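Just below is one structure, and these are the notes that go with it.
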Amino acid sequence: MGLYRDEAVVLRTMRLGEADRIVTLLTRGRGKVRAVAKGVRKTKSRFGGRLEPLGHVALLLYEGRELDVVTQVESIEHFRAVREDLDRLAKAQALLEVADQVSQERHANVGLYRMLVGALRALSAHDSPLLVPAFFLKVLAGEGASPVLDGCAGCGAGGPALQGPGGPLSAKLAFDLVEGGVLCPNCARRTSAPAISAPALDLIRRVLTGDLAGALNSDDSAAAAEVDRLVTRSVEHHLERRLRSVTVLNRW
29 MGLYRDEAVV LRTMRLGEAD RIVTLLTRGR GKVRAVAKGV RKTKSRFGGR
79 LEPLGHVALL LYEGRELDVV TQVESIEHFR AVREDLDRLA KAQALLEVAD
129 QVSQERHANV GLYRMLVGAL RALSAHDSPL LVPAFFLKVL AGEGASPVLD
179 GCAGCGAGGP ALQGPGGPLS AKLAFDLVEG GVLCPNCARR TSAPAISAPA
229 LDLIRRVLTG DLAGALNSDD SAAAAEVDRL VTRSVEHHLE RRLRSVTVLN
279 RW
């Protein structure tokens, strides 16, 4: 045990006593860390407002048995554009909730940390309707649960099985959560899985195959909304729980 430095995003906080707070952090070097910020709720706290959810901070912590202790904190980014916009703030809460659910305590996941910081920066710069589902897709891929897109997730038929008589992707396809991907027309007829359109499938593929910027700039709002619904259901299926932040987001 001893002092260590790290960078982190504040995922959530919880009151502790009259003046302290437990902060849950996604750190760059140690994964999820829970730490006590002593006196943070006092008016003249030396931490100021830097240890609020969404804060991107540099920290000096003392490692404890169960909870670490924050001794110093400096702000790296505040994401003011996100905090001052209710819609963006709701989307950011969805990012934080999923990062919290998939991260493990004291188990470094630099990829997840970088994705979360990148997503918050992108959300601060540009409010794309596809940003949250794109983050979810990247998280699923990192968890080894990336959806099957280039063949039927049900019967295993190859790419041609996903093409209808009118050309590529003209057939009625489905997106099955249990099977974990796209179903060919034959399998789709035998299930109640929701349909997936060609534009929505194309957006998902672009996110997962390196054209993230192009997907985020897509002007197909209907396809983006469809991807949002399907991917949110997929990540909830993977986590085996409903996302509270998404329920709030859907109210806007």
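Heads up, the sequence shown is in this note's numbering, so the first residue is 29 and it goes up one at a time.
For glycine and all other residues, C-beta sits at the position ideal for the given N, C-alpha and C.
Computed from a predicted model, the values in this text were never measured in an experiment.
One or two residues paired with residue i in a DSSP bridge
i	result
Arg-40	Thr-52
Asp-34	Leu-87
Lys-66	None, per the DSSP bridge assignment.
Ile-224	Leu-201
Asp-96	Ala-63
Val-176	Gly-209
Glu-133	Lys-60
Per-residue DSSP class, three states only, for residue i
i	result
Ser-103	strand
Leu-211	strand
Glu-264	helix
Gly-194	Unreliable placement is indicated for Gly-194, whose pLDDT of 45 sits below 50; no coordinate value is reported for it.
Glu-80	coil
Ser-156	coil
Glu-254	helix
Ser-249	helix
Leu-271	coil
Ala-185	coil
Arg-234	helix
Ala-47	coil
C-beta atoms of residue i and residue j nearer than 7 angstroms
i	j	result
Ala-228	Val-255	yes
Leu-54	Ala-136	no
Val-68	Arg-49	yes
Ala-63	Leu-89	yes
Leu-158	Ala-252	yes
Val-263	Ala-162	no
Leu-244	Ser-156	yes
Gly-208	Pro-175	yes
Val-210	Leu-165	no
Asp-113	Val-61	no
Leu-271	Glu-171	no
Ala-181	Leu-201	no
Ala-221	Asp-248	no
Leu-151	Arg-108	no
Gly-184	Arg-134	no
Val-130	Ala-120	no
His-84	Glu-105	yes
Ala-36	Leu-82	no
Terminal residues of the beta strand (DSSP E) in which residue i lies
i	result
Ala-202	201-204
Residue i, enclosing alpha helix (DSSP H) - first and last residue
i	result
Val-145	138-153
Arg-116	114-130
Gly-242	240-244
Ala-169	159-170
Arg-108	108-111
is_contact[residue i, chain B] using C-beta, thresh 7 angstroms
i	result
His-154	Looking for chain B here will not work: only one protein chain is present.
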